[in-house]
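Undergrad: Residue numbers (the numbering used here): 5 to 150.
Where a beta carbon is used, it is the ideal one built from N, C-alpha and C, also for glycine.
Structure below; questions to follow.
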Ligand SMILES: Cc1cc2nc3c(=O)[nH]c(=O)nc-3n(C[C@H](O)[C@H](O)[C@H](O)COP(=O)(O)O)c2cc1C
């Protein structure tokens with residue numbers, strides 16, 4: 005089964021996890037970046053609100069095509085108990101018919117009501133969510149550095 009890891013990071017912890025998963029699987033790891041750089045303040049306001057409202061920011065053009073893979077590992081930080089807004093743009097990179105494993109990097113390990121909608125959004129792309137889980141990074145929102 006051909007796998008790829010696709011992630012967004014703001015502070016670097018999702019990058020670390022994505023690279024660890026990619027190395028374990030011997031899979032390519034692709035980073036998605038927002039078109040506009042965010043400041044730390046901008047991650048909270050309006051970032052937290054955008055995450056809750058499932059707003060889709062513009063992302064930079066990507067130089068990879070997920071059509072050639074069977075399973076996609078999607079990684080994203082949690083903002084305001086939802087995937088960071090870039091996740092909503094990453095959804096559009098998913099071709100139908102893929103297996104998708106979602107890993108969400110969060111400061112803590114609180115249960116999230118938003119997970120059901122996160123799954124639904126991936127499934128609405130015609131994909132199957134094989135797993136959705138949290139990686140608690142211990143990096144709490146107030147402690148993030150730019
Ligand atoms: C705007 C913002 C909101 C956050 N909201 C939450 C939250 O609701 N729950 C949580 O556990 N962590 C929250 N965090 C912490 C991040 O999820 C955590 O630090 C994560 O490891 C960041 O990943 P990154 O370094 O790849 O950006 C928030 C961080 C930011 C910047």
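Beta strand (DSSP E) containing residue 33: first to last residue?
TA: Looking at the DSSP string, the run of the beta strand (DSSP E) that includes residue 33 is 33-35.
Undergrad: Could you check what DSSP says for residue 141 in three-state terms: helix, strand or coil?
TA: Reduced to three states, the DSSP call for residue 141 is coil.
Undergrad: Which first and last residues belong to the alpha helix (DSSP H) in which residue 130 is found?
TA: Taken as a continuous stretch (DSSP letters only), residue 130 belongs to no alpha helix (DSSP H), as it is neither H nor E.
Undergrad: In angstroms, rounded to a whole number, what distance separates the CA positions of residue 60 and residue 74?
TA: Looking at the two C-alpha atoms, the distance is approximately 25 Å.
Undergrad: Would you kindly work out how many angstroms separate the C-alpha atoms of residue 23 and residue 122, rounded to a whole number?
TA: In a straight line, the C-alpha of residue 23 is about 22 Å away from that of residue 122.
Undergrad: Give me, in chain order, the residues of the same chain whose beta-carbon lies closer than 6 Å to that of residue 51; leave out the 5 immediate sequence neighbours on both sides.
TA: Correct list, in chain order: 83.
Undergrad: Evaluate residue 88 with the Cβ neighbour count: other Cβ atoms within 10 Å of its Cβ, from every protein chain shown; 16 or more gives buried, anything less gives exposed.
TA: That one is buried.
Undergrad: What are the start and end residues of the beta strand (DSSP E) that includes residue 108?
TA: That run of the beta strand (DSSP E) goes 103-110.
Undergrad: According to the Cβ coordinates, are residue 36 and residue 9 closer than 8 Å?
TA: Contact: no.
Undergrad: Going by alpha carbons, who is nearest to residue 64 out of 54, 57 and 96?
TA: For the residues 54, 57 and 96, the minimum Cα distance to residue 64 belongs to 96.
Undergrad: Does the distance from the C-beta atom of residue 14 to that of residue 42 stay below 8 Å?
TA: Closer than 8 Å, so yes.
Undergrad: Does ligand 1 have even one heavy atom less than 7 Å from the beta-carbon of residue 153?
TA: The structure shown does not extend to residue 153, since the chain is modelled only from 5 through 150, so no value can be given for it.
Undergrad: Helix, strand or coil: which one does DSSP assign to residue 93?
TA: Of the three classes helix, strand and coil, the one that applies to residue 93 here is helix, per DSSP.
Undergrad: Confirm, please, whether the CB-CB distance from residue 76 to residue 104 is below 8 Å.
TA: It is a contact, given that the beta carbons lie within the stated cut-off.
Undergrad: Less than 8 Å between the C-beta atoms of residue 71 and residue 99, yes or no?
TA: Cβ atoms of residue 71 and residue 99: closer than 8 Å.
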